[in-house]
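Beneath this line is the structure, given in structure tokens, with notes to follow.
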Amino acid sequence: MRVALSGLVAFAVAAATPALAQNANPLPAGDGRDIVAVACSQCHYLGTIAKIRDGAAGWRMYVDNMVLRGAQLTPAEIDKVVDYLSLNLGPGANLPPAKPVTLPDGAGKNLVETRCELCHDLERVATIERGRAQWPAIVANMVARGATATPEEAKTISDYLAANFGN
Amino acid sequence: MKDLIKQYLDHGLSRRQLVSGLSALGMSTVAAKAVAQNLSPVAQGAAPPTAAAAAPTAIREVEGNGGRLFVEQLKSAGVEYIFFNPSTGDHPIFDALVDVAEIKLIKGIQEGAVVAMADGYARASGRTGVVVVANIGLPNAMTQMVNTWKDQIPMLVAVASIDQNALGRDQWQETDHHELMTEPITKWFWQVQSTAAMAETTRRALKFAATPPCGPVFLSLPTNTLEEHAKTQVWERSKFDVPMRIRPDKDDVEKAARMLIEAQNPLISIGDEITWSGGQKELIELAELLGAPVAGEMGNLGYWSKPFPTRHPLFIGTVLRTMRYPGKPDVLLNLGNRWGEFAALGTKLISIRLDPASLARGAPVDLGMVADLRLAIADLNAAVRSMATASTLKQIADQRAAKVRAYSAQMAEARLAIARGLSDSSPVSMERLGIELEANLDRDACYVADVDSGKTMDPLMAFGGDDKQYFGTGPNVLGWGMAAGFGVKLARPDAPVVSVVGDGSFLFSGPQPLWSMARYRAPVTVIVLNNHSYNNERNRIWNSAGRQFETARDMTCYNGDPDVDFAKAASAFGVEGETVKEPSGLKDAFARAKSATVEGRPYLLDIHIKREGLGAVSEWHPPYSVADLRTRKV
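Encoded structure:
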């Protein structure tokens, strides 16, 4: 199941729509969008940014990496950009329509549906098998980036994924 | 010795004669070569004596078979090495070399590696790399010739080809007009028409290769022309050298100088032609005179050198279409940068290029000049100084530079802070490795990079000026780095050489370059940045936000299955090495590598590196099994 957008996020989507129609900037409106649009578009397409949902730690990894590659952002601007991305493209924010995917029953199914789908649809999870040992690493990476899960919940999620989509 | 040096500087002696003279005075060959190198008027791109100064013995009559004539012409032109892989048809060349001590044969065990060795040698020495490989191996050689072509490095590639009397019979290794294959990636290609024409055609090939803008040339040597005899002339290089040290038009220089003085927000974009012309010192002088920010390199894509010190406070990093800092320039001075001509609307673009073909090729240029970059920048410096008093210029420069210095210092600190924050991750982060390399490499090291993912590491290190010298390739045809590292070491035996390659690059070249390192005891440190992936490639592919991104399926870039043990591979080729998986192991591993190279042995470090970016954690790859296709177990 797909989680409902928060009121703040729903507002952001509504506010962003006219801007998208006007200038084809795929990024939602918000303080910091102009910096992102100018600094990031020097080297790559902005559409991918608009499709990513990540936590503050995850976005910082991307932005720091880009600064090392030559993006012209001062430390204060790095913080501003990370704040913009975390708020407007964070877990659950401005989510595009998801493809319907039905997961097999089992302990952890509900957690996957409510936590993982805050950043990406379940086609990323449920259509291929990965090595069983890979799932804990993937889930740990998601938590490190900002996904909400206690250690017990993270284990439940990775056990579920390994059992149903592991080989 | 003083007399010898004076004669050399007055062009009365060739480099070879200088080295011989110094050796006769008791100096070691290495020391004599180092003196000659230091006396060279440019950093790279050895300046030949002028034609007018050439001695009468510059032209000799030689009689022999085509192989001998080919070798004698190379010898007279000052060629020191032939990089090769043997083929039957080339035997007259190799037979001739038995009695020619001046030229040494350097063997590689795959044609791509042979070309990359010659390419690295040419970049580091400024001389023409000469390659002789098998006719049928030409396509292998061509993979690396693309790097040589795009970066305009002088190289002669020759193959022994089908006997002219048998051409067109569709013999087993014959492809019709094979020299045409090389057309898009050579300045010139030719088939030697007769033994009598062998030396002349070879000279012509060397001339085309070494006349700036330089590049590879290809010669097809039919076996009958190599085997038959003739009597012909061979010439020293001074007799067919084309001096291209051209000064720009004086009026244009003055116009450019005035524009730069009067500019409110000038920017200097720099490229590899400065390196080739040896104009690095003049560039620093110009930047400081104007107080102008300097931008140029973009990782190692598009550039092969770093002609401006990256730790200089006026260096602001990558040149971008929209420069947020220092803001939109009103005057952009593009110096020898093929990719530097993209001024925003309203920006005046001055472009000075060695290569007229790519000047004003894709963007409008307000003031274009074709010139040697060192001379052009020197003239520009003089013109700027002549137009204003020293105190006025200082005032202008100080005002501009204060802003730039503040920005570059702030960004250097920010980059270091980011890197330190990632320094304890396991496997080793690229950023931690950058910090460690900066701390452990000698300042005079030659850093030979063939690693796309290394872009985040390079800005943490100091290159150019008195710091490490950077060698890469513009087009990034992988598989170049290890072999090129060998070539750089051959050209600069007294400089520490570090070849940094990704696992992708190693797998492209294979371990073949290690064979040459072991055979010739080349003390090069090879560092394999092993992130088990074409990491940057995956990021770029996923950045299109297509189905791989949507489904988190890395269809193309994961290399970790099988997990290649590069240290073990090196061992099989006679090169010591080790694997480093944790950041805490780096320092000691570097020390062991240094001990080995000091003792004259190559050493390989297989450093496990953390993948980063989109899809970095995934190890999934399409699970095909050929064994599973079988219907019976055979």
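Chains G and D are the protein sequences, given in the same order. Using my numbering, read the first sequence as starting at 1 and increasing by one per residue. Using my numbering, read the second sequence as starting at 1 and increasing by one per residue. A virtual CB, placed ideally from N, CA and C, is assigned to each residue, including glycine. Since this is a predicted model, take the numbers as computed values, not measurements.
With a threshold of 8 Å between beta carbons, Tyr-45 of chain G makes contact with chain D.
The beta-carbon distance between Gly-271 of chain D and Gly-340 of chain D, rounded to whole angstroms, is 6 Å. This is short enough to meet the 8 Å contact definition. Taking the Cα positions, Asn-85 of chain D is about 18 Å away from Ala-522 of chain D.
Using a Cβ-Cβ distance cut-off of 8 Å, the region 551 to 559 of chain D and the region 522 to 534 of chain D are in contact, since at least three pairs of beta carbons, one from each stretch, lie closer than that value.
At a cut-off of 3 residues, the continuous stretches assigned as beta strand (DSSP E) that sit fully inside the region 98 to 173 of chain D are 104 to 107, 129 to 134, 155 to 161.
Each residue's CA atom was taken as its position, placing Ala-616 of chain D and Met-461 of chain D some 24 Å apart. Near chain D, meaning a CB-to-CB distance below 7 Å, the residues of the region 127 to 147 of chain G are Thr-127, Ile-128, Arg-130, Gly-131, Gln-134, Ala-137, Ile-138, Asn-141. The beta carbon of Val-67 of chain G falls within 8 Å of a beta carbon belonging to chain D, placing the residue at that interface. Only those residues of the region 310 to 322 of chain D whose C-beta falls short of 7 Å from the nearest C-beta of chain G are listed: Gly-317, Thr-318, Leu-320, Arg-321, Thr-322. Think of a sphere of 7 Å around the beta carbon of Arg-53 of chain G: no beta carbon from chain D falls inside it, the nearest being about 13 Å out.
No Cβ of chain D is located within less than 8 Å of the beta carbon of Arg-33 of chain G. The beta-bridge partner set that DSSP reports for Gly-317 of chain D consists of D:Ala-295. 8 Å or more divides the Cβ of Thr-143 of chain D from the Cβ of Gly-465 of chain D.
Put simply, of D:Gly-108, D:Ser-584, D:Asp-90 the residue whose alpha carbon is nearest the alpha carbon of Pro-427 of chain D is D:Ser-584. Residues of chain G with a Cβ closer than 8 Å to the Cβ of Trp-620 of chain D are, in chain order, Ile-128, Arg-130, Gly-131, Gln-134. In the three-state scheme derived from DSSP, where H, G and I count as helix and E and B as strand, Glu-72 of chain D is classed as helix. Rounded to whole angstroms, the gap between the alpha carbons of Leu-89 of chain G and Ala-390 of chain D is 53 Å. With 16 or more other Cβ atoms inside 10 Å of its own Cβ, Thr-156 of chain G counts as buried. Rounded to the nearest whole angstrom, the CA to CA distance from Ile-274 of chain D to Arg-123 of chain D is 13 Å.
Just so you know, the alpha carbons of Asn-147 of chain D and Gly-129 of chain D end up roughly 13 Å apart. Checking the DSSP bridge columns, you'll see Trp-188 of chain D partnered with D:Val-217. Chain-ordered listing is empty here: chain D has no CB closer than 9 Å to the CB of Pro-91 of chain G, the nearest sitting near 16 Å.
Taking 8 Å as the cut-off, the beta carbon of Ile-609 of chain D is found closer than this to the beta carbon of Leu-433 of chain D. Neighbours of Pro-96 of chain G in chain D, taken as residues at a C-beta separation under 7 Å, are lacking, since the least C-beta distance is about 10 Å.
Taking 8 Å as the CB threshold, Thr-102 of chain G stays off the interface with chain D. Shown here for Ala-378 of chain D: same chain residues with a beta carbon closer than 6 Å to its own, the five before and five after excluded, namely Glu-282 in chain order. With its beta carbon at least 8 Å from every one in chain D, Ala-56 of chain G lies outside the interface. Chain D places no beta carbon closer than 8 Å to that of Val-81 of chain G, leaving this residue out of the contacts. For Phe-70 of chain D, no CB of chain G lies under 8 Å from its own CB, so it is not counted at the interface with that chain. Checking the DSSP bridge columns, you'll see Pro-222 of chain D partnered with D:Ser-161. Closer than 8 Å to the CB of Val-112 of chain G there is not a single CB belonging to chain D. Within the DSSP secondary-structure output, Pro-356 of chain D pairs in no beta bridge. At a Cβ-Cβ threshold of 8 Å, Asp-450 of chain D and Val-501 of chain D count as neighbours. Proximity of chain G to Ser-269 of chain D at the Cβ level (cut-off 9 Å) is not reached, the minimal Cβ distance being about 14 Å. Sequence-distant partners of Ile-78 of chain G (beyond 5 residues in either direction) whose C-beta falls short of 6 Å from its own C-beta, in its chain, are Val-63. Listed along chain G, the residues sitting closer than 7 Å to Arg-324 of chain D by beta-carbon distance are Val-38, Ala-39, Gln-72.
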